[in-house]
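562 is the number that the working numbering gives the last residue of the sequence shown; the numbers go up by one with no jumps.
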Amino acid sequence: MTDKELLDAADQVLRSVCIDLLTSSTGEYSTVDTFDLKPENVSIDPLSLLNDFTQPSQPATWLCPLIDPHGKITDVVEYIRDAGEFGDATVSMSLNRSPAADSTNIRGSSSNVPFYPGGFDSAFGNVMAFTREEEGTHSEKEFFRNEDLLTCAPGMPRGLPFALSVSKPSAEAVKPATDFTAAHEGIDFDSTDLFDLMDFVGGAAPLVIPLETPISDEVQASPVSKVSSDSTEPESAPEVEEIEAALESSLPKSAVKFAPPERYAYAKQLDATSCQGEYKALLPNMAKKYPFELDGFQQAAVVCMEKGESVFVAAHTSAGKTVVAEYAVALCEQHRTRAIYTSPIKALSNQKFRDFKMMFTDVGLVTGDIQLFPEAFCLIMTTEILRSMLYNGSEVVRDLEWVVFDEVHYINNAERGHVWEEVLIMLPSHVKIVMLSATVPNCIEFADWVGRIKNRKINVVSTLRRPVPLEHYLYTGQDGKTKKDLFKIVDMSGSWLDIGYKKASEAKNALIKRDVPAGQGRGGGDAGRGRGGGDAGRGRGGGDAGRGRGGGPPRGGT
């Protein structure tokens, strides 16, 4: 007997014994004859019966491919997954969470939680540490302030007044520390809550709390003055200088000089001509070829995007900012990732969709009332749609590499500016940003604010040059004969032209004189109001429009 036959026989014996034990108490109702004891005749996997009780666990590691600039996979790196990445879209904010059930919907779902915003890693850790430290030591009522509640939502003309009266602290209880002596009083950090500290730092209500035990005058006195008062023989000035020099030489000196912090540490101003060398090196391997030579600010923006750095471009209208957006989309097409182009209005989104469709074949449009090719790698949408996708945890964010904000100066809009702020805050850390704006005076300050939020450097490229100079004209036409009356008043250099303005004034005055009604004297013409008025005469015996007694033509009329 071979080994295989021996194993089959043992298996059959084991099955028969088990069946006998299971059916031994049935007696005459035994079902032992209905069992097939031959294992080769079993057509079902026994483990499949356990699917309702067990589920396969997720892998503890994940593989990340390394892709070269040409889009080829050169190597694969294995990473250990974090324990917080094993949740689904309803509980986990990790990018490595399991896909949502409706992953095909680019809008996401209201039941999903957003992905973790970028730039808040350390801040979130500090908040959690403070929460764990303060948990159980204070009640929530101490942190709740009714007077700080917002009563007006962004974009609304008025808010909802609360009927509950709020007890405000009296003026005597909160007295501003305006004198110099108040700055030398102590601050009790142990019994002060977080909001009082924030008010103290922000310059609101003072947080000056006097110490319980007053300091005596002897302690407040300077040690040098006390020694000098107690000593009968004060030291001379040269001896004091020698002692100070000896102490200064004995103290260790810092090798690195202290440098004051920069005012705009997260914004980097780039010169339009500083990246020409790097641009020439990238020219043979650019993601998109252009049939013309790029301007200096365009070259600087292309170099920054090739390095994977975010960029803020401020230039005049028609200066060529769209070239920067096109190159960001071309990089996503080369890297097999996704790009999103946002615009403030739907009309501009439709226009950019037509323009990009002629350059890139795979382009989609997503607005509030229409969706065209939502599976495309490049999506054109309004900023409100992107905000909804971020809050609903859309699966598009996983593959997102570049987000282009066109007309980003809309952030100053009182009604819609908060949308751009929310989107910039909610973008994950792996998403790079391209901001396009008209010339603004505080572009460095704005870029530094964005950089501090995302905890990254923002390159600023700005130019005041207009490739297409502007000329101003006055149009005075109002009918078919004068429909081509255009008079130049400002030339392309910005100079005022008095000749053009005089010609425009003369043409306008001629039109006014021509349109003056006819004479209004006695016996006037069509519009005369005299006794012998014509068609519109009001004399006795008026005609078509006459108000006289006779039905015929007006008496004495022409």
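The C-beta atom is built at its ideal place from N, Cα and C for all residues, glycine as well.
- Taking C-beta separations shorter than 8 Å and ignoring five residues to either side along the sequence, the partners of residue 366 in its chain run 337, 377, 380, 381 and 382, following chain order.
- In the structure shown, the three-state DSSP call for residue 343 is strand.
- A residue is called buried when at least 16 other Cβ atoms come within 10 angstroms of its Cβ; residue 287 does not meet this threshold and is exposed.
- For residue 480, same chain residues with a beta-carbon under 6 Å away, outside a window of 5 residues either side, are 489, 508, 511 and 512 in chain order.
- The stretch 101-118 and the stretch 397-406 touch, with no fewer than 3 CB-CB distances between them shorter than 8 Å.
- Sixteen is the threshold: since fewer than 16 other Cβ atoms of the shown chains lie within 10 Å of the Cβ of residue 470, the residue is exposed.
- Straight across, the Cα-Cα distance linking residue 461 with residue 487 is about 53 Å.
- Of the candidates 99, 441 and 445, 441 places its Cα closest to the Cα of residue 317.
- Short of 8 Å from the beta carbon of residue 84, and not among the five residues preceding or following it, lie these beta carbons of its own chain, in chain order: 64 and 65.
- For residue 359, the uninterrupted alpha helix (DSSP H) run begins and ends at 350-363, by DSSP.
- In the structure shown, the three-state DSSP call for residue 100 is coil.
- In the structure shown, residue 273 adopts extended strand secondary structure according to DSSP, grouped into three states.
- The stretch 320-335 makes contact with the stretch 278-298: 3 or more CB pairs, one atom from each, lie closer than 8 Å.
- Residue 77 is positioned such that its CB atom lies no closer than 8 Å to that of residue 370.
- Contact between residue 431 and residue 91 fails: their C-beta atoms lie close to 21 Å from each other, not under 8 Å.
- Within the stretch 434-515, the beta strand (DSSP E) runs of at least 3 residues that lie entirely inside it are, in chain order, 436-441, 462-466, 476-479 and 490-494.
- When DSSP assignments are scanned along the stretch 281-334, the uninterrupted stretches of alpha helix (DSSP H) that are 4 or more residues long and fall wholly within it turn out to be 300-310.
- For the stretch 373-426, the continuous beta strand (DSSP E) assignments of 3+ residues that do not extend past its boundaries occur at 382-386 and 404-409, in sequence order.
- Rounded to whole angstroms, the separation of the alpha carbons of residue 271 and residue 357 is 31 Å.
- Sequence-distant Cβ neighbours of residue 473 in its own chain, meaning closer than 8 Å and more than five residues away, are 496 and 497.
- Rounded to the nearest whole angstrom, the C-alpha separation of residue 312 and residue 484 is 57 Å.
- Within the same chain, and ignoring the five residues on either side of residue 306 in sequence, the residues whose Cβ sits closer than 6 Å to its Cβ are 331.
- About 21 Å separates the beta carbon of residue 387 from that of residue 443, a gap too long to meet the 8 Å contact definition.
- Judged by DSSP in its simplified three-state form, residue 110 adopts coil rather than helix or strand.
- In this structure, the beta-carbon distance from residue 314 to residue 436 falls below 8 Å.
- Distance from the CA of residue 82 to the CA of residue 353, rounded to the nearest whole angstrom, comes to 40 Å.
- Beta-bridge partners of residue 67 (DSSP): 82.
- With at least 16 other beta carbons inside 10 angstroms of its own, residue 116 counts as buried.
- For residue 416, the closest C-alpha among the options 438, 408, 391 and 446 is that of 446.
- Annotation: the continuous beta strand (DSSP E) that includes residue 370 extends over 367-370.
- Annotation for residue 452: 268, 270 and 271 place their beta carbon closer than 6 Å to its own, counting only its chain and skipping 5 residues before and after.
- Less than 8 Å separates the beta-carbon of residue 334 from that of residue 292.
- Ranked by how close their Cα comes to the Cα of residue 420, the residues 482, 349 and 449 have 349 in first place.
- Between the alpha carbons of residue 455 and residue 303 lies a distance of about 22 Å.
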